[in-house]
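What follows is a short report on a single structure.
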Amino acid sequence: MSVEYDLVVVGGTLAGGYAARMAAEFKARVAWVVPEDWGNQGLASEWISHAALAHLGEMTEQVYQSRQLGWLGQTIEAGASPGSVQWSGVEQWLQQVASNWEEQNSPTILSALGVEMIFSAGQFCRRPRFAFTVSDRLIRARSYLLALESHPFIPDIPGLSSVGFLTTTGFPQAIANQAMPETVVILGSDPTGIELAQTLTRLNIQVTLVLGSDRILPHEDAEVAFLLQAQLEAIGVRILTNTLVAQVREIEQKKWVQAGNQAIAADEIVVAMGQQPQVESLNLEAAGVEWSSQGVWCNQKLQTTNPRVYVCGNSISGYLAPHVAQYEAAIALKNALFFPRHSANYQGIPTTLATDPALARVGLTEPEARQRYGKDVLVLRQDLKSLALAQIRAETTGLCKLVVHRNGSILGAHILGSEASELIAVMALAMRQNLKIDAIADLAVPSPTFAEILSQTATAWQLHRFKHNSMWQNFLEAWLNFRRSWSS
Numbered sequence: 000m001s002v003e004y005d006l007v008v009v010g011g012t013l014a015g016g017y018a019a020r021m022a023a024e025f026k027a028r029v030a031w032v033v034p035e036d037w038g039n040q041g042l043a044s045e046w047i048s049h050a051a052l053a054h055l056g057e058m059t060e061q062v063y064q065s066r067q068l069g070w071l072g073q074t075i076e077a078g079a080s081p082g083s084v085q086w087s088g089v090e091q092w093l094q095q096v097a098s099n100w101e102e103q104n105s106p107t108i109l110s111a112l113g114v115e116m117i118f119s120a121g122q123f124c125r126r127p128r129f130a131f132t133v134s135d136r137l138i139r140a141r142s143y144l145l146a147l148e149s150h151p152f153i154p155d156i157p158g159l160s161s162v163g164f165l166t167t168t169g170f171p172q173a174i175a176n177q178a179m180p181e182t183v184v185i186l187g188s189d190p191t192g193i194e195l196a197q198t199l200t201r202l203n204i205q206v207t208l209v210l211g212s213d214r215i216l217p218h219e220d221a222e223v224a225f226l227l228q229a230q231l232e233a234i235g236v237r238i239l240t241n242t243l244v245a246q247v248r249e250i251e252q253k254k255w256v257q258a259g260n261q262a263i264a265a266d267e268i269v270v271a272m273g274q275q276p277q278v279e280s281l282n283l284e285a286a287g288v289e290w291s292s293q294g295v296w297c298n299q300k301l302q303t304t305n306p307r308v309y310v311c312g313n314s315i316s317g318y319l320a321p322h323v324a325q326y327e328a329a330i331a332l333k334n335a336l337f338f339p340r341h342s343a344n345y346q347g348i349p350t351t352l353a354t355d356p357a358l359a360r361v362g363l364t365e366p367e368a369r370q371r372y373g374k375d376v377l378v379l380r381q382d383l384k385s386l387a388l389a390q391i392r393a394e395t396t397g398l399c400k401l402v403v404h405r406n407g408s409i410l411g412a413h414i415l416g417s418e419a420s421e422l423i424a425v426m427a428l429a430m431r432q433n434l435k436i437d438a439i440a441d442l443a444v445p446s447p448t449f450a451e452i453l454s455q456t457a458t459a460w461q462l463h464r465f466k467h468n469s470m471w472q473n474f475l476e477a478w479l480n481f482r483r484s485w486s487s
């Protein structure tokens, strides 16, 4: 029986917009169902505003360092405040950044490409035919893609809801409508919370980060995470580890957080404990799609328990990053429109953190690699301070760690330092193309650049092999002796 569309995309997210746009480029007939109040102001603008706020923190730090070095005509004492920030200008700038970005992804442009925009809530129905129903209209398609919005996970802490709080995704919009707080307590170890903690501290706001774990980023390389944690504490972020929040109360217009055996006063509380997909209203049971509070179940081809329904982005548990969601959307789109033979491979997808120094990772950590490959694992390490550009820019904090198999295969890469988010793409491409570590060592990179850290670290692999091969050393020594003895 014929259907109206090749694909119906459900959810007003970045991944949903990407999938709808690409489906139209492939000449498919596609409908994109977004919330009625979407108005291009959903998670996309929140993500852009969060990134812009982080950039503001970087610019403030650059001005501070320039003054500290005496480049701007005056010096300041170490540990001094970077100065006040004109928040009215910041708010206008954040709004302008979001507006400029949204203009490139407006409903007008998408409609011109052939995407039918439907602004309404909807749900799946089984009868009279399997379809997605919107305002009494049955929308039937060959395939459906769930690119759903998510909402922050809110812990069940006594007094939290009554006192009031913000979330990391909504923080930039919230500060545009109220006075900037002088003290902030951030609850949770979500990556966006760590980014926000550093940004606010740089903007002269006192921040306390309360973690239930023994360190930040428990899923990342321990050495890299501890070094970043030390940097955060050095600039003034107060970090409480292995600490549970017992209650929250409001006393004399201050919000008090009972964290372990400490009572912390703050002007604002920010919850950073991850996201949960918004699936309750979709009637997924009628579609035969299984889901839980962690997300929608799917296989490696991103098919749900109903093979005609695909899923991507926030609906799947894991790191909620725009580039990961877009990768999943591309896989799901090809499987939905053509033949379901493409599988998602997360091994070569990098993870980044917009801190300073930036953190980036792809592949396995050292413990994961040793658990899988045992003694066949070699770890190569190089400090960022060995680079000329790091010295020039006074950005010497950081390192590069490459996890390598004894046969030269690259198992993982971990970078902490300037331009880490850019450099990790090189290692991700190398892993995706199954390049050996020798290919990185032989790469001629411009100098002075931060990319030199990759070739320097990889060169340690060649030196390691040479030092542990006595036969090759003896041969080279004999060969060079022979050449010298026969020189004219």
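Each residue of the sequence shown is one higher than the one before, counting from 0 in numbering that gives the first Met the number 0.
Glycine included, every Cβ here is placed at the ideal spot set by N, Cα and C.
Which of the three DSSP states, helix, strand or coil, is assigned to residue i?
i	result
K333	helix
H571	It is not possible to answer for residue 571, since the shown part of the chain is limited to 0 through 487.
K400	strand
H488	Here the chain comprises residues numbered 0 to 487, so residue 488 is not present and cannot be evaluated.
H54	helix
F278	Residue identity check: residue 278 is Val in the sequence provided, not Phe. Correct three-state label for V278: coil.
A412	strand
E289	coil
T354	coil
K374	helix
R482	helix
W31	strand
T207	strand
V96	helix
F488	Outside the shown range of the chain, which is 0 to 487, sits residue 488, and nothing can be said about it.
I391	helix
I315	coil
V114	strand
I75	Its pLDDT being 49, under 50, I75 is placed unreliably by the model, and nothing is read from it.
K26	coil
V425	helix
Q432	coil
Q299	coil
R405	coil
D441	coil
A450	coil
R307	coil
I need the straight-line Cα distance from residue i to residue j, nearest angstrom please.
i	j	result
A221	G416	15 Å
N305	N334	14 Å
L208	R201	14 Å
M218	P171	Here residue 218 turns out to be His, not Met, going by the sequence shown. So the alpha carbons of these two residues sit roughly 27 Å apart.
T448	A264	44 Å
F225	R214	7 Å
Q64	M58	10 Å
Q390	G397	12 Å
T191	N406	37 Å
F123	L199	43 Å
V114	V32	10 Å
E249	A178	18 Å
N39	E101	Residue placement at N39 cannot be trusted, given a pLDDT of 49 that sits under 50; the coordinates are not used to answer.
L479	Q472	11 Å
L319	G312	7 Å
D36	E181	33 Å
D155	A429	44 Å
M470	K374	22 Å
I452	N468	25 Å
S119	Q95	27 Å
A79	I204	Low per-residue confidence applies at A79: pLDDT is 46, beneath 50, and the placement is therefore not dependable, though the value from the model is reported in the following sentence. If you take the alpha carbons of A79 and I204, they lie about 13 Å apart.
L216	A285	38 Å
G121	A51	33 Å
Y491	F481	What the structure shows of the chain is the stretch from 0 to 487, and residue 491 is not part of that stretch, so it cannot be assessed.
Could you give the C-beta distance for residue i and residue j, rounded to a whole number, given that I count them as a contact under 8 Å?
i	j	result
H404	Y372	6 Å
L239	A196	Actually they do not touch by this definition, with Cβ atoms about 12 Å apart.
G411	A357	Not really, about 17 Å apart at Cβ, beyond 8 Å.
G362	I409	7 Å
V7	A30	5 Å
A258	V244	5 Å
Pick out the complete beta strand (DSSP E) segments inside the region 130-202, 3 residues or longer, and give them in chain order. 130-133, 136-138, 140-145, 149-151 and 182-186
Between the region 412-429 and the region 351-363, do at least 3 Cβ pairs fall closer than 8 Å? yes
In chain order, each beta strand (DSSP E) run of at least 3 residues that lies wholly inside the region 245-272: 253-258, 261-265 and 267-270
Within the chosen definition, does the region 329-343 reach the region 382-389 through at least 3 CB pairs nearer than 8 Å? no
The region 141-158 touching the region 274-288, judged by at least three CB pairs closer than 8 Å: yes
Would you say the region 151-163 touches the region 247-258, given that touching needs at least three Cβ pairs under 8 Å? yes
Would you call the region 433-445 in contact with the region 453-466, where contact means no fewer than 3 C-beta pairs closer than 8 Å? yes
Three or more C-beta pairs closer than 8 Å, one from the region 98-110 and one from the region 284-302: is that the case here? no
Which residue spans inside the region 216-244 form an unbroken alpha helix (DSSP H) run of at least 4? 221-233
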